[in-house]
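Here the sequence shown stands for residues 378 to 867, where the numbers follow the numbering used here.
Just below is one structure, and these are the notes that go with it.
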Amino acid sequence: MRRSGILMPVFSLPSKYGIGCFSEEAYRFVDFLEKAGQKLWQILPLGPTSYGDSPYQSFSTFAGNPYFIDLEEFVKKGWIKEKELDKYDFCDTERYVDYEKLYNNRMAALRKAFGRSHTESDPAFRDFQEQNAEWLPDYSLFMAVKDAFGGVSWDRWDEDIRLRKPETVQNYRSKYKEEILFYEFLQYHFTVQWKRLKAYANSKGIEIIGDLPIYVAYDSADIWACPELFFLDENMVPAKVAGCPPDAFSATGQLWGNPLYRWEYHKTTDYAWWMRRFAYCFTLYDVVRIDHFRGFDAYYAIPFGDKTAEFGQWEEGPGYELFRVMKEKLGNRQVIAEDLGYLTPSVLKLVKKTGFPGMKVLHFAFDADGGSVYLPHAYDKNCVVYTGTHDNDTTLSWYRSLSRKDRKFVRTYLDMRRGADIEWVLIRAALSSVADTAVIPMQDYLGLGTEARINIPSTLGDNWRWRMYAEEEREELAAKIRGITKLYGR
């Protein structure tokens with residue numbers, strides 16, 4: 378089945394109060410997708426973000442980002458007044474997210490609403506607590522303790538709670554009961570609001586592509602509560618950490634810093650934690666894009682303490698066994714394998730054996746020397762083609778940055794006429810390809826430049842911030858997208 382969709386992070390949606398969320402603007406974006414003839418909405422990970430604001434570095438692999446909770450719903454419930462919200466400084470501009478102001482103001486607004494909610498008396502909330510008992514108590518305690526220690530990473534907490542001594546854990550649960558309840562309140566309303574939005578999208582014939590990061594942040598409830606799953610020493614310090622070797626994105630590689638998995642231990646449990654993680658993702662999303670898929674074949678291990686990723690080494694991952702168990706326990710699910718980068722024969726064999734579609738990114742295709750596997754004539758049907766991803770610049774800026782030789786190759790290969798808009802030329806190349814699925818970043822449909830880039834890998838400070846203006850969601854743009862989508866049978 379040929380289909381297409383749009384890549385648009387939740388935080389990039391227009392809305393009041395500083396960040397895109399599950400507000401009425403999110404429902405309008407679903408309506409826009411329907412008018413544009415799209416069948417997929419791809420988002421980035423929904424977890425609560427930590428230092429650097431990256432959705433790939435979260436305080437929990439199961440929890441949701443409280444920033445995405447629609448505050449206007451709480452106004453309707455009478456838990457907070459609109460005039461109270463107007464007093465908070467969420468951001469100076471509608472174009473970019475200001476995470477520092479969100480941290481200082483949006484959480485304060487959520488706490489005020491919580492104090493008036495009486496959520497603990499809601500039977501649906503108690504059901505939610507029971508249904509998520511495997512992760513919710515540890516996550517909520519983790520966040521409460523983190524607040525008590527001024528927000529520092531758990532490895533800087535007092536030893537008794539850092540090492541989860543049972544009596545200390547019980548004391549903290551009692552001492553911070555109200556704070557723990559606050560974080561459970563946030564997760565309940567995040568889940569209720571997200572599932573309502575997802576159901577609305579599904580009712581319009583639109584499926585959600587969600588993103589599952591392969592690794593978990595060191596400063597997370599998962600590492601603190603389940604250290605046996607990860608390569609840590611007796612002091613809970615990782616010996617090696619995750620990343621990528623030097624590549625086209627970074628001359629010194631990407632040092633992610635995440636602890637690595639004890640795959641032999643996971644195997645003895647029949648990958649129980651991973652099965653819970655996969656199963657939970659499939660309650661949130663219709664399609665799961667598994668980030669850094671090659672890490673399941675072989676993963677790059679960097680000595681802890683290194684300042685760059687230059688001196689790591691490849692080690693063997695779980696391979697097909699993990700996905701065999703997944704299919705056995707969860708059935709056949711829709712998965713996309715993020716198989717970008719240098720692919721060895723064993724990685725290619727793993728992707729083929731799973732049957733999962735891999736990714737093709739047109740920005741990586743146009744090396745004037747030719748021969749790229751990302752050129753459309755090299756595709757088979759079982760793949761997902763993108764103009765670019767959240768890690769790429771926009772198509773307009775990508776094209777402007779090419780060498781003269783590579784730019785000429787683009788024009789020749791795509792038969793690009795003088796004066797044509799490169800973003801629409803590349804969109805047409807993606808949609809007309811044989812790939813079963815095509816996904817286009819919203820910034821490319823809007824024809825935006827580098828000011829709308831989502832992320833520059835291996836950098837901090839200006840990532841994950843771009844937002845769309847409400848007026849950019851035009852009827853004529855939806856009609857144009859629908860036209861080219863229909864033309865190519867998607």
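Glycine residues also receive a C-beta, built at the ideal position from the N, C-alpha and C atoms.
Assumed close pair residue i, residue j - CB separation to whole angstroms, cut-off 8 angstroms
| i | j | result |
| --- | --- | --- |
| F467 | G395 | 3 angstroms |
| R666 | D588 | 5 angstroms |
| E605 | Y642 | 6 angstroms |
| P391 | E402 | 5 angstroms |
| P680 | F688 | 7 angstroms |
| S427 | D596 | 6 angstroms |
| A807 | I817 | 6 angstroms |
| P622 | I600 | With a Cβ gap of about 24 angstroms, P622 and I600 do not count as contacting. |
| L773 | L825 | 7 angstroms |
Paired residues, beta bridge with residue i - DSSP
| i | result |
| --- | --- |
| F607 | Y638 |
| P818 | L384 |
| K617 | P680 |
| W418 | I383 and I585 |
| V762 | K737 and A815 |
| I713 | R666 |
| Y873 | Outside the shown range of the chain (378 to 867) lies residue 873, about which nothing can therefore be said. |
| T426 | S435 |
| E693 | A675 |
Rounded C-alpha distance that separates residue i from residue j
| i | j | result |
| --- | --- | --- |
| Y677 | Y638 | 12 angstroms |
| F873 | K572 | There is simply no residue 873 to check, as the chain begins at 378 and stops at 867 in what is shown. |
| T496 | E459 | 20 angstroms |
| I538 | Y549 | 8 angstroms |
| S335 | W841 | Beyond the ends of the chain as shown, which are 378 and 867, falls residue 335; an answer cannot be given. |
| S381 | R777 | 26 angstroms |
| T568 | D524 | 22 angstroms |
| A602 | M378 | 42 angstroms |
| E544 | K684 | 38 angstroms |
| A576 | L707 | 21 angstroms |
| G620 | T836 | 14 angstroms |
| I420 | M819 | 11 angstroms |
| T721 | N442 | 35 angstroms |
| F519 | A598 | 6 angstroms |
| M845 | D821 | 12 angstroms |
| V728 | A714 | 7 angstroms |
| R710 | K863 | 27 angstroms |
| V702 | F659 | 15 angstroms |
| G630 | Q508 | 41 angstroms |
| F607 | A649 | 14 angstroms |
| D813 | N612 | 48 angstroms |
| K489 | I457 | 7 angstroms |
| F733 | K542 | 43 angstroms |
| K581 | L384 | 17 angstroms |
| D896 | L752 | It is not possible to answer for residue 896, since the shown part of the chain is limited to 378 through 867. |
| Y865 | H754 | 16 angstroms |
| L410 | E848 | 15 angstroms |
| W775 | E800 | 10 angstroms |
| K552 | D515 | 15 angstroms |
| A675 | Y719 | 12 angstroms |
As assigned by DSSP and simplified to three states, the class of residue i
| i | result |
| --- | --- |
| S809 | helix |
| M736 | strand |
| V664 | strand |
| W633 | strand |
| A675 | strand |
| E497 | helix |
| D339 | Since the first residue of the chain shown is 378 and the last is 867, residue 339 is not available in this structure. |
| A486 | helix |
| E402 | helix |
| F559 | helix |
| C658 | helix |
| W456 | coil |
| E824 | In the sequence as presented, Glu is not what sits at residue 824; that position holds Gly. Note: G824 maps to coil in three-state DSSP. |
| P543 | helix |
| G748 | coil |
| R859 | helix |
| N481 | helix |
| V802 | helix |
Distance cut-off 7 angstroms: residue i Cβ against heavy atoms of the ligand FAD
| i | result |
| --- | --- |
| W651 | Summarising the ligand content, the structure contains no ligands, and the ligand FAD is consequently not present. |
Does the segment 436-448 come close enough to the segment 579-597 to have 3 or more Cβ pairs within less than 8 angstroms?
yes
(request) Would you check if the segment 497-504 and the segment 474-484 touch, i.e. whether three or more CB-CB distances between them fall below 8 angstroms? (result) no
*asked:* Would the segment 652-666 count as touching the segment 679-693 if we require 3 or more Cβ pairs under 8 angstroms?
replied: no
Check whether the segment 774-788 and the segment 741-757 are in contact - that is, three or more C-beta pairs closer than 8 angstroms. yes
inquiry  = Closer than 8 angstroms is the cut-off here; do at least three beta carbon pairs connect the segment 549-562 with the segment 485-496?
reply    = yes
Notebook entry, point to check: So, do the segment 515-532 and the segment 448-463 have three or more beta carbon pairs nearer to each other than 8 angstroms?
Noted result: no
request  = Could you tell me whether the segment 413-432 touches the segment 845-860, where touching means 3 or more Cβ pairs closer than 8 angstroms?
outcome  = yes
- request: Give a yes or no on contact between the segment 750-766 and the segment 734-742, applying the rule of three or more CB pairs nearer than 8 angstroms.
  value: yes
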